[in-house]
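Participant: Going by numbering that gives the first Met the number 0, the first residue of the sequence shown is number 0, and it counts up by one from there.
A virtual CB, placed ideally from N, CA and C, is assigned to each residue, including glycine.
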Amino acid sequence: MSRGTAMDDGLPRVPEQRRPGSDAQPAALRFAVLGPVRAWRGEESLNTGSPQQRALLAALLLREGRTATAAELIDALWGDDPPSQALAALRTYASRLRKVLDAGVLVSESGGYAIRSVADGALDLAVAQDLATDAEKAKNAGDLCRARELLGRAVALWDGEALAGVPGPYVEAQRVRLEEWRLQLLESRLDMDLEQGCHAEAVSELTALTAAHPLRERLRELLMLALYRSGRQAEALAVYADTRRLLADELGVDPRPALRELQQRILQADPGLAELSAPVAEPAATPVRPAQLPATVPDFTGRSSFVAELSEVLASAEGRVMAVSALAGIGGVGKTTLAVHVAHQARSAFPDGQLYVDLQGAGARAAEPETVLGSFLRALGTADSAIPDSLEERSALYRSVLDGRRVLVLLDNARDAAQVRPLLPGTSGCAALVTSRVRMVDLAGAHLVDLDVMSPDEALSLFTKIVGEERVASEREAALDVVAACGFLPLAIRIAASRLAARRTWTVSVLAAKLADERRRLDELQAGDLAVKATFELGYGQLEPAQARAFRLLGLADGPDISLAAAAAVLDLPVEETEDLLESLVDTSLLESAAPGRYRYHDLVRLYARACAERDEQPPSERDAAMSRLLDFYLATAAGVYAIERPGDRLVDDLEATDYPGLVFTDGSAALDWLYTEAAPILACVRQAAGTERLQRAVDLLWASRDLAESGANSHQYETTAVAMREATQAAGDVRAEGRARNTLTGVLLVSGRIQQAAQEARLAMECSTAAGDSTASSWAAQDRGLIALHQHRYADGKVFFDQAIEGFRTAGNGLCEATALCNLSRAHMGMGNTAKAIEFAQHGLAVHIEVGSTMRLANGHYALGVALTKADRHAEALSQYSEALTIFVDHRQRLWEGTTHFRIAEAHIAARRPARAAQHAEQALAIGCIGGDRMRGNVLTLLGRALSTLGQLDRARACWREALNLYEENGAPEADEVRALLTPTAAA
């Protein structure tokens with residue numbers, strides 16, 4: 000095989016052939032040569048005859064309308080050794096083709112033949128040529144997204160090997176030429192992938208391509224760059240070492256200069272290697288320009304010096320690496336209003352868009368930077384599938400996407416500099432505005448602005464704009480008394496003025512008199528953040544009784560926001576009536592509408608609402624009743640979602656009873672949408688029940704919401720909540736609830752691969768459940784202990800635990816959990832060397848899953864059978880089972896199980912001696928993530944190393960094994976010994 004050829008700066012040259020009959024009228028005939036040689040009339044497949052007859056058709060199609068003489072065609076079909084009747088055979092083939100094709104298509108002239116009168120686009124090769132030409136134009140115009148899409152379409156036209164199954168020396172030469180062109184197109188598209196930041200996705204494809212074409216240096220170069228940009232420097236350098244050794248052994252040459260130069264730049268960590276020429280985006284006709292700024296207030300008042308100062312900083316963004324301004328001040332001082340006003344004024348300087356987020360920094364649970372980055376990346380046009388999992392990778396991709404754009408980012412209500420840093424752009428032309436209650440002195444390079452209360456003149460001007468000039472002019476002194484009583488805080492002034500504006504019968508003096516009464520406002524107006532409470536009294540005191548009750552009770556719930564349905568549960572009112580009340584509170588500015596059907600408090604308003612509930616809610620038991628209804632709502636709805644996802648699982652029958660109903664779903668997708676949307680409020684509700692009579696229901700809600708942990712979407716928050724519930728149940732002496740809390744914690748620890756901690760929790764969960772007589776929790780604990788035994792290679796112990804779990808589930812009539820335990824028992828038998836038994840139990844488990852109507856868990860049945868079949872070397876059957884499992888996991892958003900299934904598919908391919916396919920799926924598992932955390936990542940890296948070693952890429956294989964060894968040693972995993980053996984010179988040889 001020849002070495003990869005160097006390319007110029009443009010796209011690969013289109014091959015010399017041009018489309019046949021470019022001047023012909025459209026016809027129904029279609030032809031393909033980028034695969035088997037075929038012809039169609041419309042959708043009807045035509046019989047093109049014997050291989051030699053198809054060879055004639057191919058030779059004529061590839062001449063693109065030019066006449067080929069009989070001698071040329073004989074040479075094309077038979078070369079130097081034609082049969083004695085070659086000319087007669089040629090004429091026979093031509094005659095037969097003429098009968099199959101339309102009249103006038105295959106013509107005879109000048110002693111030869113030609114194909115004419117076919118329509119544009121009738122030949123797949125011509126279509127590919129046009130797409131490649133258009134891609135080159137798009138690239139030259141700077142539209143890499145479009146060029147990438149066009150090249151992808153061109154490459155997709157190949158259907159296996161070009162001119163497949165057709166003999167003859169001419170066709171063989173053309174086959175080689177077309178394959179070389181295909182590879183050049185692929186290299187160009189992959190090069191654009193890397194230029195646009197899609198390096199993590201490209202690694203899998205490049206790994207497979209370098210395995211198939213080991214001597215093609217351009218592919219090796221692209222793989223090195225993709226690995227380096229994915230943070231895998233050691234593997235990138237290992238690819239070079241493998242390439243150098245392979246070229247020396249096979250061809251006796253060194254790598255070409257470009258490859259050597261790339262190796263040196265990687266060794267030196269050249270910053271230029273991380274630079275991208277274009278932002279990541281899905282192919283689109285026009286770039287995505289987010290416009291997320293909230294509406295500015297029409298009555299913005301004063302702050303002229305601050306507006307000028309901040310505008311000047313933003314105007315300097317063009318010539319600076321990044322312009323950052325951080326506004327600090329107490330709650331209600333107008334930080335957000337000022338920032339939004341300045342941002343709107345500066346919009347024209349940032350034509351590529353404006354991003355906005357409320358970081359909820361003053362609340363109990365601030366927004367996670369990785370969550371915010373995911374939202375920003377989607378707003379900037381990045382597909383969900385291209386968004387990585389970790390904070391570091393998301394932040395790097397975010398900066399790459401913003402490179403070359405001029406975007407303004409408004410980060411509102413930040414907790415601290417650590418929360419902000421990953422969200423800052425990193426290039427010239429972009430700017431960030433940050434608001435926070437703390438001065439961000441540790442935010443390097445930031446322009447700090449301390450925002451104080453308004454001056455008396457500014458405060459009076461704001462009050463006048465809201466109330467009206469006529470009403471204030473005649474009562475100026477009373478108006479000054481009002482704004483002074485508000486402490487000159489903009490939020491307090493706005494609330495007071497809005498109340499007055501809504502009541503035409505009131506005078507300013509009436510409002511001033513109300514504010515003068517110290518019983519209506521707090522004495523300590525200057526006491527830090529709590530100073531704004533005095534202004535909340537104005538709004539609360541003017542509410543109707545039903546509004547006031549809603550304001551008080553809704554403030555009791557933790558969580559970043561609350562849905563309309565959940566709010567209706569808190570208030571024990573119909574949804575329609577609840578919506579009217581909440582919208583009226585939005586009008587008073589005491590509540591915010593976060594999105595249609597969702598509401599939230601300003602954090603200080605929430606604290607004030609709770610104080611009002613403690614002071615005013617009568618009888619006091621109504622506070623507990625409201626939170627009990629909210630918990631019931633979440634538990635009843637989550638149980639319904641659980642039942643949809645796991646038909647046949649009797650857990651829902653053994654959860655604590657609820658008095659308040661939940662939502663009812665008939666569609667599984669809608670049910671999952673609800674669960675993941677409500678994740679933060681659900682977990683907050685669970686934590687809030689610690690130390691109350693609601694504890695058992697809260698633990699059951701956590702159990703019914705276990706998909707939040709298993710999917711990987713909310714694992715960290717779920718674990719934090721599970722730990723809190725374990726501590727709360729211990730403190731309460733509630734052994735039954737403690738057993739269930741420990742079961743939930745065991746589950747999330749297993750997902751993250753912390754086996755030792757999981758073992759301890761599972762053991763205590765079983766002890767608690769047994770003591771409490773909780774057979775359901777005992778069976779779950781036995782199941783978990785069996786899984787832990789499998790991880791620790793204690794297969795006989797695992798069998799004992801799974802047998803115990805199966806008996807418990809069978810007694811309870813819990814068919815789905817019985818099926819799951821049977822599938823796990825299969826793995827125990829496999830570990831003990833009884834593959835036939837393993838297959839038998841996996842098949843039994845799958846049959847039970849099908850019998851009870853499993854949906855998501857049916858995937859685990861297919862998965863378990865695939866593992867057993869792989870062990871039995873029945874690889875084709877195993878891959879079929881894995882394919883079924885993968886489809887279900889993807890449909891049910893079980894991303895970690897999706898990655899784990901890719902790992903198992905890689906295992907099957909490596910066992911079937913298909914190392915290139917194994918490496919490709921292992922890379923996908925690494926990109927997605929797997930059940931089992933770092934330990935499973937070590938397993939994937941070990942397998943990837945084996946595949947690469949088989950492919951002759953020994954240095955990259957060792958890099959994978961070294962990373963796997965580090966992970967195993969950090970986790971105390973027994974697999975470390977196996978990898979150490981792989982890294983010894985004997986094993987490597």
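#1: Using only alpha-carbon positions, find the residue among Ala-172, Ala-608, Val-651 and Val-238 that is nearest to Arg-622.
#2: List the DSSP bridge partners of Arg-599.
#3: Starting from Asp-108, follow the beta strand (DSSP E) in both directions and report where the run begins and ends.
#4: Just the Cα atoms here: how many angstroms apart are Gln-52 and Tyr-227?
#5: How many Å lie between Ala-70 and Gln-84 at the Cα?
#6: Which runs of the alpha helix (DSSP H) fall wholly inside the stretch 551-581 and span at least 4 residues, in chain order?
#7: Against chain B, with Cβ distances strictly below 8 Å, would Arg-405 count as a contact?
#8: In chain order, what residues of the same chain lie with their CB nearer than 6 Å to the CB of Glu-15, ignoring the 5 residues before and after it?
#9: Suppose you measure from the CA of Leu-529 to the CA of Asn-412; what does that come to, to the nearest Å?
#10: Among Ala-512, Asp-579 and Leu-61, which residue has its Cα nearest to the Cα of Gln-173?
#11: Which of the three DSSP states, helix, strand or coil, is assigned to Val-448?
#12: For the stretch 409-468, list the beta strand (DSSP E) runs that are entirely contained and at least 3 residues long, ordered along the chain.
#13: In this structure, what does DSSP give as the bridge partners for Arg-37?
#14: Is the stretch 739-748 touching the stretch 702-712, taking contact as three or more C-beta pairs under 8 Å?
#15: How would you call Ala-972, buried or exposed, if buried means at least 16 neighbouring beta carbons within 10 angstroms?
#16: From what residue to what residue does the alpha helix (DSSP H) around Gln-803 run?
#17: Going by the C-beta, is Ile-805 closer than 7 Å to any heavy atom of the ligand SAM?
#18: Does the Cβ of Glu-582 have 16 or more other Cβ atoms within 10 Å, making it buried, or fewer, making it exposed?
#19: Between the alpha carbons of Tyr-862 and His-891, how many angstroms are there, rounded?
#20: Express the C-alpha separation of Cys-929 and Ser-1 in angstroms, rounding to a whole number.
#21: Quick check on DSSP: helix, strand or coil for Ala-327?
#22: Please state whether the Cβ-Cβ distance between Gly-937 and Leu-966 is less than 8 Å.
#23: Could you give the DSSP three-state label for Tyr-717: helix, strand or coil?
#24: Going by other Cβ atoms of all chains shown within 10 Å of its Cβ, with 16 needed for buried, is Ile-849 buried or exposed?
#25: Compute the beta-carbon to beta-carbon distance between Tyr-794 and Met-855, rounded to the nearest angstrom, for a pair I have assumed lies under 8 Å.
#26: Please confirm whether Thr-463 and Val-452 have their CB atoms less than 8 Å apart.
#27: With a CB to CB cut of under 6 Å and the five nearest residues on each side skipped, what residues in its chain are close to Ala-926?
#28: My output table needs one value for Gly-360: the three-state DSSP class, helix, strand or coil.
#29: Compute the distance between the beta-carbons of Gly-812 and Pro-646, then report whether it is under 8 Å.
#30: May I have the straight-line CA-CA distance separating Arg-215 from Thr-209, to the nearest angstrom?
#31: From the DSSP output, in three-state form, read off Tyr-112 for me.
#32: Flag this pair as touching only if the stretch 587-597 and the stretch 646-661 have three or more C-beta atom pairs under 8 Å; answer yes or no.
#33: For Glu-392, which of Ala-382, Asp-456, Glu-308 and Gly-230 has the nearest alpha-carbon?
#34: Give every residue of the same chain whose Cβ lies closer than 7 Å to the Cβ of Pro-82, excluding the five residues on either side of it in the sequence, and list them in chain order.
#35: Considering Ile-494, what are the terminal residues of the alpha helix (DSSP H) in which it resides?
#36: Once you ignore the five residues that flank Tyr-717 on each side, which residues in its own chain have a CB closer than 7 Å to its CB?
Facilitator: Looking at the atomic coordinates:
#1: Comparing Cα-Cα distances from Arg-622 to each of Ala-172, Ala-608, Val-651 and Val-238, the minimum goes to Ala-608.
#2: Beta-bridge annotation (DSSP): Arg-599 is paired with Glu-591.
#3: Before going on, a small fix: residue 108 reads as Glu here, not Asp. Boundaries of the beta strand (DSSP E) around Glu-108: 105-108.
#4: When rounded, the separation of the alpha-carbon atoms in Gln-52 and Tyr-227 is 50 Å.
#5: Approximately 13 Å between the Cα atoms of the pair.
#6: Complete alpha helix (DSSP H) runs here, min 4: 563-570.
#7: The chain inventory of the structure shown lacks chain B, comprising one protein chain alone.
#8: Reliability fails at Glu-15, whose pLDDT of 46 lies under 50, so the model's placement of it is uncertain and the value that follows must be treated cautiously. Here Glu-15 has no same chain residue with a Cβ atom under 6 Å from its own Cβ, once five neighbours each way along the sequence are excluded.
#9: Because the pLDDT of Leu-529 is 33, which lies under 50, any placement of that residue in the model is unreliable, and the number read from its coordinates should be weighed accordingly. Rounded to the nearest angstrom, the gap between the Cα atoms of Leu-529 and Asn-412 is 16 Å.
#10: The shortest Cα separation from Gln-173 among Ala-512, Asp-579 and Leu-61 belongs to Leu-61.
#11: Strand at Val-448.
#12: Listed in chain order, they are 430-435 and 446-449.
#13: Residue pairing by DSSP places Arg-37 opposite Ala-31 in a beta bridge.
#14: Note that the stretch 739-748 touches the stretch 702-712; at least 3 beta-carbon pairs, one per stretch, sit closer than 8 Å.
#15: With 16 or more Cβ atoms within 10 Å of its Cβ, Ala-972 is classed as buried.
#16: 794-810 is the span of the alpha helix (DSSP H), which, as asked, contains Gln-803.
#17: Ligands displayed in this structure: none; no statement on the ligand SAM is therefore possible.
#18: Exposed: under 16 other Cβ atoms inside 10 Å.
#19: Near 15 Å, if we compare the C-alpha coordinates of His-891 and Tyr-862.
#20: Any answer about Ser-1 is weak, because its pLDDT of 38 lies below 50 and its placement is not dependable; what the coordinates show is given next. Each residue's alpha carbon lies about 39 Å from the other.
#21: DSSP, reduced to helix, strand and coil, places Ala-327 within a strand of the structure shown.
#22: Yes, Cβ-Cβ distance for Gly-937 and Leu-966 is below 8 Å.
#23: Annotated three-state conformation of Tyr-717 is helix, per DSSP.
#24: Around the C-beta of Ile-849, fewer than 16 other C-beta atoms lie within 10 Å, and the residue is accordingly described as exposed.
#25: Contact flag wrong, Cβ pair sits at about 27 Å.
#26: Not a contact, by the Cβ cut-off of 8 Å.
#27: Once the five neighbours on either side are set aside, the close Cβ partners of Ala-926 are Ala-199.
#28: In the three-state reduction of the DSSP assignment, Gly-360 falls in the coil class.
#29: At the C-beta level, Gly-812 and Pro-646 stay beyond 8 Å of one another.
#30: Each residue's Cα considered, the two are about 7 Å apart.
#31: In the structure shown, Tyr-112 falls within a strand segment according to DSSP collapsed to helix, strand and coil.
#32: No, the stretch 587-597 is not in contact with the stretch 646-661.
#33: Residue Gly-230 is the option with its Cα nearest to Glu-392.
#34: Around Pro-82: Ala-88.
#35: 489-500 is the span of the alpha helix (DSSP H), which, as asked, contains Ile-494.
#36: Counting only Cβ-Cβ distances below 7 Å, and skipping sequence neighbours, we find Leu-682, Leu-707, Ala-708 and Val-747.
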